[in-house]
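Colleague:
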Amino acid sequence: MVPSPQPKRIVESDAITALIQRDHLVICNGGGGVPVVEKANGYRGIEAVIDKDLSAALLAYQIGADALLILTDADAVYLDWGKPTQRPLAQVTPELLRGMQFDTGSMGPKVAACCKFVEACNGIAGIGALVDGAEILAGNKGTLIRN
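So, in structure tokens, the structure goes:
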């Protein structure tokens, strides 16, 4: 088992921002990124696992994004997931989400990351299916999180 520290900074955020400003599609932060520590002579990789959802929220914050979109195999965030009473949450605030329980191995980190982003940036965040990306941000599908 390796530690799973909170991401503190995305080292490459300036390079990512520069590429975005030049209209490049940047694919980054795969699997949460490679954890490093800064030493006097540069960066050194460490044995750790960085949560991909928290890394995405941190990167979105660092580059000044208006929105964070987390696409997954679920079509929305559900209350009472897997129970007969399950129901999707269409639009919700971070405050309401923080009072709810979600699976720590799947939806929990996604919800936490989106709440963190919305609270830090006063932007919007969405969670839902890959095919519904634009519709999630429009508030028509998935779960849209805003203050």
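So the sequence shown is numbered by the numbering used here: it starts at 2 and just counts up by one. Yeah, the Cβ is synthetic: ideal placement off N, Cα and C, and Gly gets one too. Predicted model, so just to flag it, every value in this text is computed and none were measured.
1. Note down the Cα distance separating L131 from V38, rounded to an integer number of angstroms.
2. Since I137 contacts G124 with CB under 8 Å, what's their CB separation in whole angstroms?
3. Measuring alpha carbon to alpha carbon, tell me which of V12, L69, G129 and C116 ends up nearest R45.
4. Going by the CB atoms, is the gap between L69 and F118 shorter than 8 Å?
5. Tell me whether the beta-carbon of T144 lies closer than 8 Å to the beta-carbon of G134.
6. Relative to the C-alpha of M108, which candidate in A121, D76, R147 and Q92 has its C-alpha closest?
7. Between G140 and V3, what straight-line distance do the alpha-carbon atoms span, to the nearest angstrom?
8. Going by CA-CA distance only, name the one from A113, K53, H25 and P8 that's closest to L97.
9. With DSSP as the reference, label L70 as helix, strand or coil.
10. Along the alpha helix (DSSP H) that carries K53, what are the first and last residues, could you check?
11. Mapping DSSP to helix, strand and coil, what is A1?
12. Alpha carbon to alpha carbon, what distance is there between A41 and C116?
13. The alpha helix (DSSP H) that contains G109, what's its start and end?
14. Just confirm the distance between the C-beta atoms of I17 and C29, as a whole number of angstroms; I'd bet it's less than 8 Å.
15. Hey, G33 and D52 are a contact pair by Cβ (cut 8 Å); roughly how many whole angstroms apart?
Modeller: Here's the rundown:
1. By one-based count along the sequence shown, residue 131 stands at place 130. By one-based count along the sequence shown, residue 38 stands at place 37. Straight-line Cα distance between these residues: approximately 33 Å.
2. Here residue 137 refers to the residue found at position 136 of the sequence shown. Here residue 124 refers to the residue found at position 123 of the sequence shown. With 8 Å as the limit, I137 and G124 do not qualify as a contact, their Cβ atoms being about 14 Å apart.
3. Here the question's residue 45 lines up with position 44 in the sequence shown. The shortest C-alpha separation from R45 is found at V12.
4. One-based indexing of the sequence shown puts residue 118 at position 117. One-based indexing of the sequence shown puts residue 69 at position 68. A contact, by the Cβ cut-off of 8 Å.
5. Taking the sequence shown and counting its residues from 1, one reaches residue 144 at position 143. Taking the sequence shown and counting its residues from 1, one reaches residue 134 at position 133. Not a contact, by the Cβ cut-off of 8 Å.
6. Taking the sequence shown and counting its residues from 1, the one referred to as residue 108 is at position 107. Ranking A121, D76, R147 and Q92 by Cα distance to M108 puts D76 first.
7. Position 139 of the sequence shown, counted from the first residue, corresponds to residue 140. Position 2 of the sequence shown, counted from the first residue, corresponds to residue 3. Going from the Cα of G140 to the Cα of V3 covers about 38 Å.
8. For the purposes of this step, residue 97 is identified with residue 96 of the sequence shown, where counting begins at 1. The shortest C-alpha separation from L97 is found at A113.
9. Residue numbering aside, residue 70 sits at position 69 when the sequence shown is read from its first letter. L70 falls in the strand class under three-state DSSP.
10. In the sequence shown, the residue the question calls residue 53 occupies position 52. Per DSSP, K53 belongs to the alpha helix (DSSP H) from K53 to Q63.
11. The structure shown does not extend to residue 1, since the chain is modelled only from 2 through 148, so no value can be given for it.
12. By 1-based counting over the sequence shown, the position of residue 116 is 115. By 1-based counting over the sequence shown, the position of residue 41 is 40. Rounded to the nearest angstrom, the two C-alpha atoms are 35 Å apart.
13. As a working note, residue 109 is residue 108 in the sequence shown. It spans M108 to C122 - the alpha helix (DSSP H) in which G109 sits, taken as one unbroken run.
14. Within the sequence shown, residue 17 is the residue found at index 16, counting from 1. Within the sequence shown, residue 29 is the residue found at index 28, counting from 1. About 6 Å separates the two Cβ atoms, so the contact holds.
15. Mapped onto the sequence shown, residue 33 falls at position 32. Mapped onto the sequence shown, residue 52 falls at position 51. Going by Cβ atoms, the distance from G33 to D52 rounds to 5 Å, so yes, they are a contact pair.
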